[in-house]
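Peer 1: Quick note on numbering: the sequence shown equals residues 58 to 634 in this note's numbering.
Ideal placement from N, C-alpha and C gives every residue a C-beta, glycine not left out.
Predicted model, so just to flag it, every value in this text is computed and none were measured.
I'd like to ask you about the structure that follows.
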Amino acid sequence: MRGAGFRAPRPVKSDQPLMTIHTTRKALSISRTIIDRAELDGGALVFDRLRRGQCRLMSFRTLLIVGLAFKIQDPRRNWNLSQVARFVHQFNRAERALADLADFAGTSDHIETALRAMARLLEPEGSFHRVNPKTGEVRPRPVGMMTLDQFCNRIVEASIPPVFQPAQVQALDSTDVPTPAKKQFWPKKPDPVVDSDYMPPAPEPKDKEERGSKGWPRVGYDGRLQCSLDLDARLGWRTQTEDHDTHAFNGHDLHLLVDAGFVGYETIVYFIRGMLFRPAGTYKADCGIALIDSLRYGFEAEWLATDRGYSYCKAENWVRRLDERGIKYIHDLHANQRRSKMPIRNKAAIWIDGVLFTSALPKELRKLENFTIDMSDEDKSKLREKYERRMQYAFMANGPVRPDGSVQLKGPAISGRLRCPNVAISRRYAMSKPETKCQPNSCDCGSTIVVYPQESARERQPMPFGTTRWAELYGMRTAVESANSNFKIWRGVLHRHSSFVFGTTPNAILLALQCAAINVSLFHDAYDDKVTIKTTKSEHVPPKRRRRGAARALHQRRARSKKRLTGPQPVTQGRRR
58 MRGAGFRAPR PVKSDQPLMT IHTTRKALSI SRTIIDRAEL DGGALVFDRL
108 RRGQCRLMSF RTLLIVGLAF KIQDPRRNWN LSQVARFVHQ FNRAERALAD
158 LADFAGTSDH IETALRAMAR LLEPEGSFHR VNPKTGEVRP RPVGMMTLDQ
208 FCNRIVEASI PPVFQPAQVQ ALDSTDVPTP AKKQFWPKKP DPVVDSDYMP
258 PAPEPKDKEE RGSKGWPRVG YDGRLQCSLD LDARLGWRTQ TEDHDTHAFN
308 GHDLHLLVDA GFVGYETIVY FIRGMLFRPA GTYKADCGIA LIDSLRYGFE
358 AEWLATDRGY SYCKAENWVR RLDERGIKYI HDLHANQRRS KMPIRNKAAI
408 WIDGVLFTSA LPKELRKLEN FTIDMSDEDK SKLREKYERR MQYAFMANGP
458 VRPDGSVQLK GPAISGRLRC PNVAISRRYA MSKPETKCQP NSCDCGSTIV
508 VYPQESARER QPMPFGTTRW AELYGMRTAV ESANSNFKIW RGVLHRHSSF
558 VFGTTPNAIL LALQCAAINV SLFHDAYDDK VTIKTTKSEH VPPKRRRRGA
608 ARALHQRRAR SKKRLTGPQP VTQGRRR
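Structure, rendered in structure tokens:
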């Protein structure tokens with residue numbers, strides 16, 4: 058790791074990312090290394106080799122190598138299987154040997170047959186596609202085979218050079234993936250999802266626009282509306298952006314887990330660490346937990362930053378499950394969560410924004426405004442100072458969380474944050490501490506409170522909302538938005554006709570390959586081809602090449618030590634992969 062005296066390289070002037078287009082042989086070599094490192098023998102590959110009968114003209118392993126090389130060479134190409142066949146047709150004898158491909162194999166039919174066979178094998182246990190529609194017979198899933206999510210994330214994680222350790226903060230978000238199927242029915246609002254707290258209300262009859270063929274919409278196998286010939290596509294909610302307003306879409310949700318950054322470091326490569334593909338409108342809390350559980354080495358970061366789509370879910374479905382896994386989380390608060398409420402035991406205290414305050418909290422600090430997009434840096438700094446000043450009246454943890462989920466909090470007068478006339482020890486504090494005007498025996502500034510697990514569970518965070526430390530960590534969540542733009546515009550393609558394949562499982566396999574190709578593009582561009590997929594030693598990592606903007610994020614301006622950490626992304630030696 059380079060020291061603080063390292064001089065950053067001159068910025069590269071460009072309007073878009075510098076994408077490295079690899080030769081076919083180099084793309085195949087990188088792809089083969091990734092597939093071998095993923096160790097997918099516990100997935101579908103071993104079952105493909107040991108199957109009875111004649112061997113496939115294109116094995117599952119060859120399909121993955123060829124498909125990944127196709128995206129590595131140009132990540133912005135559509136997932137058109139005929140284009141992949143043309144890509145294979147141009148292979149010479151050495152390139153075919155590198156992909157373990159026979160001279161007469163590699164047509165569009167061979168590719169499609171192998172992809173559908175792999176999808177049938179990787180279908181989840183309770184999937185509708187495992188039922189024979191004619192006989193009703195259920196096709197069992199092979200015992201001991203890894204799940205679809207584990208299979209996809211093995212490929213994604215193997216695409217990152219072993220030298221790079223996971224970031225201190227990782228961000229989780231979902232983006233919409235519309236289906237290529239033609240719309241047969243289109244309401245203005247999506248159908249509600251069971252147990253979802255963040256979805257829009259159920260559509261009223263007057264809001265629906267029934268447009269389409271006779272017999273649509275149909276009721277899908279999961280009880281939700283099916284609006285196209287894609288059996289797995291469902292209606293989801295697309296939030297407002299600069300390009301479009303809030304509206305419904307028909308397709309899937311792609312959940313991405315991305316390296317967001319380290320506190321104090323100026324540069325970071327936003328590697329995609331994990332992905333999950335589900336029908337649109339699926340409960341986000343279940344999707345997020347399933348993604349974390351499907352990672353090969355588990356969640357290795359210190360913090361998880363999410364938006365309100367996850368944190369607004371029920372506490373027992375999201376934050377408590379994160380607590381069980383030992384994951385510290387940071388998130389924004391919905392307007393409905395920013396309400397004052399009384400605790401269960403001590404009625405003198407008050408809950409505000411997930412923090413328990415004493416009743417001596419001044420009224421002007423009880424309802425602070427939220428951060429908005431159009432705020433200037435100066436206004437944000439002043440608002441953070443108000444949140445910091447409010448924390449002087451907050452209860453602090455008095456020990457670790459108990460086995461039943463409860464925690465004991467101590468008042469601000471005994472934690473050294475303010476002076477109260479009812480607490481004798483607080484009178485010894487410095488005069489710079491705020492002094493309350495509490496009446497005798499009428500406050501709780503010096504008391505201790507036991508907080509139950511169900512009290513403000515959705516709003517509570519390890520870092521209090523609005524404070525400078527909270528802004529440092531939550532501000533890194535924009536990294537996952539950059540990953541979404543890389544997926545859709547800069548380093549990939551993700552629109553209605555980017556894939557002509559129906560179904561959740563085959564598209565999940567293709568998107569896992571695209572995630573791996575984006576990771577390859579990221580580290581080749583960031584380090585100007587000086588870092589390869591096999592780099593394992595930190596001394597082989599040069600300074601990251603990056604165009605510098607006019608302003609820097611808060612977590613880049615602040616560091617825990619006096620020395621500015623301006624070196625490359627932290628790396629590690631002897632990674633276990």
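What separation, rounded to the nearest whole angstrom, lies between the Cα atoms of Tyr-278 and His-552?
Peer 2: For this step, residue 278 is matched to residue 221 along the sequence shown. For this step, residue 552 is matched to residue 495 along the sequence shown. Going by the C-alpha atoms only, they are around 25 angstroms apart.
Peer 1: From what residue to what residue does the alpha helix (DSSP H) around Phe-144 run?
Peer 2: Your numbering for residue 144 matches position 87 in the sequence shown. Phe-144 -> alpha helix (DSSP H) spans 138-146.
Peer 1: Any contact between the region 85-96 and the region 120-135? By contact I mean 3 or more CB pairs, one from each, below 8 angstroms.
Peer 2: Yes: the two stretches touch, three or more of their Cβ pairs being nearer than 8 angstroms.
Peer 1: Could you say which of Arg-517, Pro-199, Asp-316, Leu-333 lies nearest to Val-326 if we only look at CA atoms?
Peer 2: Sequence index remark: in the sequence shown, residue 326 carries index 269 (1-based). Per the Cα distances, Asp-316.
Peer 1: Just to confirm, are Ala-451 and Val-480 a CB contact at a threshold of 7 angstroms?
Peer 2: If you number the sequence shown from 1, residue 451 lands on position 394. If you number the sequence shown from 1, residue 480 lands on position 423. No; because the gap between Cβ atoms is not below 7 angstroms, this pair is not in contact.
Peer 1: Only counting runs of 4 or more residues, tell me where the alpha helix (DSSP H) segments fall wholly within the region 560-590, in order along the chain.
Peer 2: Runs of the alpha helix (DSSP H) inside the region 560-590: 561-583.
Peer 1: Going by DSSP in three states, Val-598 sits in which element: helix, strand or coil?
Peer 2: For the purposes of this step, residue 598 is taken as the residue at position 541 of the sequence shown. It is coil, neither helix nor strand.
Peer 1: Who are the near neighbours of Thr-232 in its chain, counting only those whose CB is closer than 6 angstroms to its CB and skipping five residues on each side?
Peer 2: Numbered from 1 along the sequence shown, position 175 holds the residue referred to as residue 232. Taken in chain order, the residues that qualify are Leu-311, Asn-541.
Peer 1: In angstroms, rounded to a whole number, what distance separates the CA positions of Val-141 and Ser-165?
Peer 2: Position 84 of the sequence shown, counting from 1, holds the residue named residue 141. Position 108 of the sequence shown, counting from 1, holds the residue named residue 165. Roughly 8 angstroms between the two C-alpha positions.
Peer 1: May I have the straight-line CA-CA distance separating Pro-600 from Phe-319, to the nearest angstrom?
Peer 2: For this step, residue 600 is matched to residue 543 along the sequence shown. For this step, residue 319 is matched to residue 262 along the sequence shown. Near 16 angstroms, if we compare the C-alpha coordinates of Phe-319 and Pro-600.
Peer 1: From Gln-283 to His-186, what distance separates their C-alpha atoms?
Peer 2: If you number the sequence shown from 1, residue 283 lands on position 226. If you number the sequence shown from 1, residue 186 lands on position 129. Cα to Cα, Gln-283 sits roughly 15 angstroms from His-186.
Peer 1: Quick check: what's the CA-CA separation for His-167 versus Ala-358?
Peer 2: Here residue 167 refers to the residue found at position 110 of the sequence shown. Here residue 358 refers to the residue found at position 301 of the sequence shown. Taking the straight line joining both Cα atoms gives about 41 angstroms.
Peer 1: Are the beta-carbon atoms belonging to Leu-114 and Ala-162 less than 7 angstroms from one another?
Peer 2: Numbered from 1 along the sequence shown, position 57 holds the residue referred to as residue 114. Numbered from 1 along the sequence shown, position 105 holds the residue referred to as residue 162. Yes; because the gap between Cβ atoms is below 7 angstroms, this pair is in contact.
Peer 1: Under a three-way DSSP split, which group does Leu-93 fall into?
Peer 2: Residue mapping note: residue 93 aligns to position 36 of the sequence shown, counting from 1. Looking at the sequence itself, residue 93 is Asp, so the reference to Leu does not match. Note: Asp-93 maps to helix in three-state DSSP.
Peer 1: Roughly how many angstroms separate the alpha carbons of Asp-431 and Arg-515, rounded to a whole number?
Peer 2: Within the sequence shown, the letter at position 374 stands for residue 431. Within the sequence shown, the letter at position 458 stands for residue 515. Cα to Cα, Asp-431 sits roughly 27 angstroms from Arg-515.
Peer 1: Return the CA-CA distance between Gln-225 and Pro-219, expressed in angstroms with no decimal places.
Peer 2: As a position in the sequence shown, residue 225 is number 168, starting the count at 1. As a position in the sequence shown, residue 219 is number 162, starting the count at 1. Distance between the alpha carbons of Gln-225 and Pro-219 is about 16 angstroms.
Peer 1: Measuring straight from C-alpha to C-alpha, what distance separates Tyr-386 and Pro-510?
Peer 2: The residue given as residue 386 occupies position 329 in the sequence shown. The residue given as residue 510 occupies position 453 in the sequence shown. Tyr-386 and Pro-510: Cα-Cα distance of roughly 16 angstroms.
Peer 1: Quick check on Val-145: buried or exposed, where buried means 16 or more other Cβ atoms within 10 Å of its Cβ?
Peer 2: Here residue 145 is taken as the residue at index 88 of the sequence shown, counted from 1. So Val-145 counts as buried.
Peer 1: Which same chain residues end up closer than 6 angstroms to Thr-592 when comparing Cβ atoms and leaving out the 5 residues on each side of it in sequence?
Peer 2: Start at 1 with the first residue of the sequence shown, and residue 592 comes out as number 535. Cβ neighbours of Thr-592 beyond the five flanking positions: Pro-218, Val-220.
Peer 1: Nearest to Asn-210 by alpha carbon, out of Lys-594, Ala-583, Ala-565, Val-598?
Peer 2: Numbered from 1 along the sequence shown, position 153 holds the residue referred to as residue 210. The shortest Cα separation from Asn-210 among Lys-594, Ala-583, Ala-565, Val-598 belongs to Ala-565.
Peer 1: Per DSSP, Phe-185 forms a beta bridge with which residues?
Peer 2: Numbered from its first residue, the sequence shown carries residue 185 at position 128. Answer by DSSP bridge pairing: none, since Phe-185 is not bridged.
Peer 1: Looking at the unbroken alpha helix (DSSP H) that takes in Val-537, where does it start and where does it end?
Peer 2: Residue numbering aside, residue 537 sits at position 480 when the sequence shown is read from its first letter. Per DSSP, Val-537 belongs to the alpha helix (DSSP H) from 535-542.
Peer 1: Contact check, Ala-176 vs Gly-560 under 8 angstroms by CB: the rounded distance?
Peer 2: Indexing the sequence shown from 1 puts residue 176 at position 119. Indexing the sequence shown from 1 puts residue 560 at position 503. Yes, they are in contact, since the Cβ atoms of Ala-176 and Gly-560 sit about 6 angstroms apart, within 8 angstroms.
Peer 1: With a threshold of 6 angstroms on Cβ separation, who are the neighbours of Lys-587 within its own chain once the five nearest residues in sequence on each side are excluded?
Peer 2: Here residue 587 refers to the residue found at position 530 when the sequence shown is read from its first residue. Answer for Lys-587: Pro-599, listed in chain order.
Peer 1: Do Pro-336 and Arg-291 have their beta-carbon atoms positioned less than 7 angstroms apart in this structure?
Peer 2: Here residue 291 corresponds to residue number 234 of the sequence shown, with the count starting at 1. Here residue 336 corresponds to residue number 279 of the sequence shown, with the count starting at 1. Their beta carbons are under 7 angstroms apart, which means Arg-291 touches Pro-336 by this criterion.
Peer 1: Which complete beta strand (DSSP E) runs does the region 438-482 hold, if anything under 3 residues is left out?
Peer 2: Those beta strand (DSSP E) runs which fall completely within the region 438-482 and span 3+ residues are 464-467.
Peer 1: Among all the DSSP beta bridges, which residues are the ones paired with Leu-282?
Peer 2: Position 225 of the sequence shown, counted from the first residue, corresponds to residue 282. Beta-bridge pairing links Leu-282 to Val-276.
Peer 1: Can you give me the start and stop residues for the alpha helix (DSSP H) that Met-637 sits inside?
Peer 2: There is simply no residue 637 to check, as the chain begins at 58 and stops at 634 in what is shown.
Peer 1: Any beta carbon from chain C within less than 7 angstroms of Ser-433's own beta carbon?
Peer 2: Among the protein chains of the structure shown there is no chain C, as only one such chain exists.
Peer 1: Would you call the region 437-446 and the region 520-529 touching, i.e. three or more CB-CB distances under 8 angstroms?
Peer 2: The region 437-446 vs the region 520-529: in contact.
Peer 1: Helix, strand or coil for Asp-252? Go by DSSP, reduced to three states.
Peer 2: Your numbering for residue 252 matches position 195 in the sequence shown. For Asp-252, the predicted structure reports a pLDDT of 45, less than 50, and the residue's modelled location is therefore unreliable. The matter cannot be settled from this model.
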